[in-house]
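K.L.:
Here it is: the structure, laid out below.
Protein chains: 2
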Amino acid sequence: MSSQKLNVCLSPQLISSYADENSIIVVIDVLRATSAICTALHNGAEKIIPVVDVRVARDYLNKGYIVGAERNGEIVEGFEYGNSPLVFAGEHVAGKTIVLTTSNGTYALAAAQMAHQVIVGSFLNLDAVSGWLENQERDIVLLCAGWKQKFNMEDTLFAGAVVSQLQAANRVLALSDSAIAAEILYTKAKDNMFAFLENTSHRNRLRTMNIEEDVRYCLTPNTTSVIPMLENGNIVKMNE
Amino acid sequence: MSSQKLNVCLSPQLISSYADENSIIVVIDVLRATSAICTALHNGAEKIIPVVDVRVARDYLNKGYIVGAERNGEIVEGFEYGNSPLVFAGEHVAGKTIVLTTSNGTYALAAAQMAHQVIVGSFLNLDAVSGWLENQERDIVLLCAGWKQKFNMEDTLFAGAVVSQLQAANRVLALSDSAIAAEILYTKAKDNMFAFLENTSHRNRLRTMNIEEDVRYCLTPNTTSVIPMLENGNIVKMNE
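So the sequence lines, in the order shown, correspond to chains V and E.
Using the working numbering, the letters of the first sequence map in sequence onto residues 1038 to 1277.
Using the working numbering, the letters of the second sequence map in sequence onto residues 1038 to 1277.
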């Protein structure tokens, strides 16, 4: 049995039970923070500063930064952008520093900071993340941002997709029960994730906000090979 | 859409995100605390006093109580019983008060105490628990004790079994994502849970302890109609 562990942590609140300073953590917030981060870096943003506090985000806004601020799925009042990835998919972000605060994703990033290395995953960079993980020796924790500390389906499906790819690559890993569960859920959902997620909580939440286009975008695999990584508190593109 | 919620909470550490003083909580620790509790009450034990601290359990032991004390799957040194349900399956428990402290189950019971009502579930009383829940109006939280705050498979499968039965009974409930996930896992596992759990973490842990018999016992559904409930800090049989 391998001593290298592949864990899935289903809520940021549980991270200290799964990870320590030797771990690699993949932060996952498919709808929509980590999809937005992948999109911004793919479009040439220089870095992303994740902040937990909206007041800090407002300070950056006042200094002229591009700022995304989302709470409960909505753009925070006074900001131009929320966490929709589509608004970061253009030349206007090239070379820029972007500041981001979201309900769950930036909290998960903060919770992950103690790890040896933190990268950011979404379906948009699934193959890139899985391929990079294949060559790592450390214990891996796939951290689902969830929704306000609760389990959510879409982040778990992405975690399951990574487990599935690492298994397919014949990586010998000790899977946690949560990793086994995530892979089973992904296997059931993968042929039509959009339909599978139809009745889940966050999809319902987002449906009422009329952002179907965002959801379809976020569920599209492998539109970028960018791997965002945390470095000194900022998120930058890993060198290829 | 129903306003009555059916939630699955996958770790006691997350309970405050799922439940409040109006909730019904079902505490689940299939291997083995809640199976032991069902067994003891089925065999006529008058009540069970769950205690979190081993030192408190030792005080009771010194006073002559029947005490089960388990940590990390093993009987705590100085105690005769751990959390194996088989030792509570006899006439020697009839009319007695039993004190129990375990790694995860008694912690989950403590975490659940703020709820309106707390009952105890295991495969042994699956139909009884589901049948009783069918007639409740309050929000329901199926609380998986897990393993040291982590997700575990066997508790999630039981939660999924309850979700499945409530759905089959045409109860209209708003399912959390975790409830949907638990039901999918249970549906996949139900035809051979013993084999399904073969490679999961806690089964592996228990296998090295040579307690296959316990596991098979704990996975046998509906051997009792007893519903244990928390009352003033003790666990007693609900009146039928």
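All C-beta atoms, glycine included, are put in the ideal place defined by N, C-alpha and C.
Could you check whether residue 1249 of chain V and residue 1068 of chain V sit closer than 8 Å to each other, using their CB atoms as the reference points?
P.N.:
No, the pair does not count as a contact, with Cβ atoms beyond the cut-off.
K.L.:
Check whether chain E comes within 8 Å of residue 1176 of chain V, counting only Cβ atoms and requiring the distance to be less than that.
P.N.:
With 8 Å as the cut-off, residue 1176 of chain V does not count as an interface residue toward chain E.
K.L.:
Going by the beta-carbon positions, is the gap between residue 1058 of chain E and residue 1151 of chain E smaller than 8 Å?
P.N.:
Yes, Cβ-Cβ distance for residue 1058 of chain E and residue 1151 of chain E is below 8 Å.
K.L.:
Would you decide whether residue 1079 of chain E is buried or exposed? Buried here means 16 or more other CB atoms lie within 10 Å of its CB.
P.N.:
Under this definition residue 1079 of chain E is a buried residue.
K.L.:
Using beta-carbon positions only, say whether residue 1214 of chain V and residue 1188 of chain E come within less than 8 Å of one another.
P.N.:
Result yes, Cβ atoms of residue 1214 of chain V and residue 1188 of chain E sit closer than 8 Å.
K.L.:
Would you kindly report the start and end of the unbroken alpha helix (DSSP H) that includes residue 1076 of chain E?
P.N.:
Here the alpha helix (DSSP H) through residue 1076 of chain E covers 1070-1079.
K.L.:
Is the separation between the beta-carbon of residue 1061 of chain E and that of residue 1158 of chain E shorter than 8 Å?
P.N.:
No, the pair does not count as a contact, with Cβ atoms beyond the cut-off.
K.L.:
Is residue 1276 of chain V buried or exposed, if buried means 16 or more other CB atoms sit within 10 Å of its CB?
P.N.:
Exposed, by the Cβ-count rule.
K.L.:
What does residue 1260 of chain V pair with, by DSSP beta-bridge criteria?
P.N.:
For residue 1260 of chain V, which the question treats as bridged, DSSP gives no partner whatsoever.
K.L.:
Taking contact to mean 3 or more Cβ pairs, one atom from each stretch, closer than 8 Å, check whether the region 1041-1049 of chain E and the region 1200-1212 of chain E are in contact.
P.N.:
The region 1041-1049 of chain E, when compared against the region 1200-1212 of chain E, does touch it at the 8 Å Cβ threshold.
K.L.:
At 3 residues or longer, and completely inside the region 1158-1239 of chain E: list those beta strand (DSSP E) runs for me, N to C.
P.N.:
You should have 1177-1181.
K.L.:
Compute the Euclidean distance between the alpha carbons of residue 1163 of chain E and residue 1274 of chain V, then round it to the nearest angstrom.
P.N.:
Roughly 50 Å separates the two Cα atoms.
K.L.:
Quick one: residues in its chain with C-beta nearer than 8 Å to the C-beta of residue 1266 of chain E, no 5 flanking neighbours on either side, listed in chain order?
P.N.:
Closer than 8 Å at Cβ, skipping near neighbours: 1154, 1155, 1156, 1157, 1272, 1273, 1274, 1275.
K.L.:
May I have the straight-line CA-CA distance separating residue 1291 of chain E from residue 1130 of chain E, to the nearest angstrom?
P.N.:
This structure cannot speak to residue 1291 of chain E, because chain E is shown only from 1038 to 1277.
K.L.:
First and last residue of the beta strand (DSSP E) that includes residue 1134 of chain E?
P.N.:
Residues 1134-1138.
K.L.:
So residue 1185 of chain V contacts chain E; which residues on that side make the cut at Cβ distance below 8 Å?
P.N.:
By Cβ distance, chain E contributes 1054.
K.L.:
Could you have a look at residue 1106 of chain E and say whether DSSP puts it in helix, strand or coil?
P.N.:
Of the three classes helix, strand and coil, the one that applies to residue 1106 of chain E here is strand, per DSSP.
K.L.:
Can you check whether the C-beta of residue 1100 of chain E is within less than 8 Å of a C-beta belonging to chain V?
P.N.:
No, residue 1100 of chain E does not count as interfacial toward chain V.
K.L.:
How would you label residue 1220 of chain E, buried or exposed, when you count the other beta carbons within 10 angstroms and need 16 or more for buried?
P.N.:
Under this definition residue 1220 of chain E is a buried residue.
K.L.:
Pull the bridge partners of residue 1154 of chain V from the DSSP assignment, please.
P.N.:
V:1061, per the DSSP bridge assignment.
K.L.:
Give the interface partners of residue 1043 of chain V over in chain E, defined as CB-CB distance under 9 Å, in chain order.
P.N.:
Result: empty, since nearest Cβ-Cβ is about 12 Å, beyond 9 Å.
K.L.:
Work out the CA separation of residue 1086 of chain E and residue 1171 of chain E for me, nearest whole Å.
P.N.:
The straight-line gap from Cα to Cα measures roughly 27 Å.
K.L.:
Express the C-alpha separation of residue 1183 of chain V and residue 1118 of chain V in angstroms, rounding to a whole number.
P.N.:
For residue 1118 of chain V and residue 1183 of chain V, the distance between alpha carbons rounds to 21 Å.
K.L.:
Tell me the rounded alpha-carbon separation between residue 1106 of chain E and residue 1186 of chain E.
P.N.:
Each residue's Cα considered, the two are about 19 Å apart.
K.L.:
Return the residue from the list E:1148, E:1226, E:1174 that minimises the CA-CA distance to residue 1193 of chain E.
P.N.:
With distances taken between Cα atoms, residue 1193 of chain E lies closest to E:1226.
K.L.:
Using a C-beta to C-beta distance shorter than 8 Å, which residues of chain E count as neighbours of residue 1221 of chain V?
P.N.:
1221, 1222, 1225, listed in chain order.
K.L.:
Give the DSSP-derived three-state secondary structure of residue 1038 of chain V in the structure shown.
P.N.:
Per-residue confidence for residue 1038 of chain V stands at a pLDDT of 48, beneath the threshold of 50, marking its modelled position as unreliable; the derived number appears in the next sentence. Coil, per DSSP.
K.L.:
On the premise that residue 1052 of chain E lies in contact with residue 1179 of chain E, defined as a C-beta separation below 8 Å, what is that separation, rounded to the nearest angstrom?
P.N.:
No, residue 1179 of chain E and residue 1052 of chain E are not in contact; Cβ-Cβ is about 11 Å, not under 8 Å.
K.L.:
Determine, for residue 1214 of chain V, whether the minimum Cβ-Cβ distance to residues of chain E falls below 8 Å.
P.N.:
Closer than 8 Å to some Cβ of chain E, the Cβ of residue 1214 of chain V qualifies, so yes.
K.L.:
Could you tell me which chain V residues have their CB closer than 8 Å to the CB of residue 1218 of chain E, listed as they occur along the chain?
P.N.:
Here the neighbours are 1188, 1190, 1193, 1218, 1222.
K.L.:
DSSP puts residue 1046 of chain V in a beta bridge; with which residues?
P.N.:
Partner(s): V:1180.
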